[in-house]
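Here's the structure we're looking at; comments come further down.
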Amino acid sequence: MSEKDRQKRIADRIKEARQLSGLSQAQAAKMLEKHRPTISEIENGNRKVSATELAQFAEIYEVSINYLMGAGPDQMNPSDPKLQLAARELSKLSPDALNSLMRALAVIQEDDKDDDSDDGEA
C-alpha cells in the first residue's frame, strides 16, 4: 500500500468515525481546538495527521487508534444507513436511557439465542 493510499484510508476512517459519532465537522473542530477547514482537509486526505491528532480523534469518536489506522477489523460498517441512523439516535440518549436500552438489548440477544437453540430440536 502506497503512502497516499494509507493516508486516504486513515482519512476515510476518521470521516466515518465522525459521522457515526453524530458530530459535524464544526463540532469536531471545536472539540479538537482546530478550524473546521482543517478537519475537512484531514478527512479528504489532503493533510497528514500527527500521532497526537490521531489519538485525539480516537478519543472523541470513541474508537481505537488501530481502527482509525485501518489496521483493526471493520468495527463499524459506515455504509449501512441503519447503523448510521442508530448511532445518531443513540448519541442523543441520556446515560440512564442508554443503560436501559443496553439491558433490553441483552434480553433480546438472549431470547434470540434461545430461539436458535430451539430450531435444532423437533
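Numbering-wise (full-length UniProt numbering), the sequence shown opens with residue 1 and increments by one.
Note that beta-carbon positions come from the ideal geometry of N, C-alpha and C, so glycine has one too.
The model shown is predicted, which means the values in this text are computed figures rather than measured ones.
If only complete runs of 3 or more residues are kept, the region 25–110 shows no beta strand (DSSP E) anywhere. Taking the Cα of residue 14 as reference, the smallest distance to any Cα among 44, 27 and 103 is reached at 44. Put simply, the backbone Cα of residue 50 is about 30 angstroms away from that of residue 92. In the structure shown, residue 20 adopts helical secondary structure according to DSSP, grouped into three states. Here the alpha carbons of residue 22 and residue 65 stand approximately 19 angstroms from one another.
In this structure, the beta-carbon distance from residue 18 to residue 67 does not fall below 8 angstroms.
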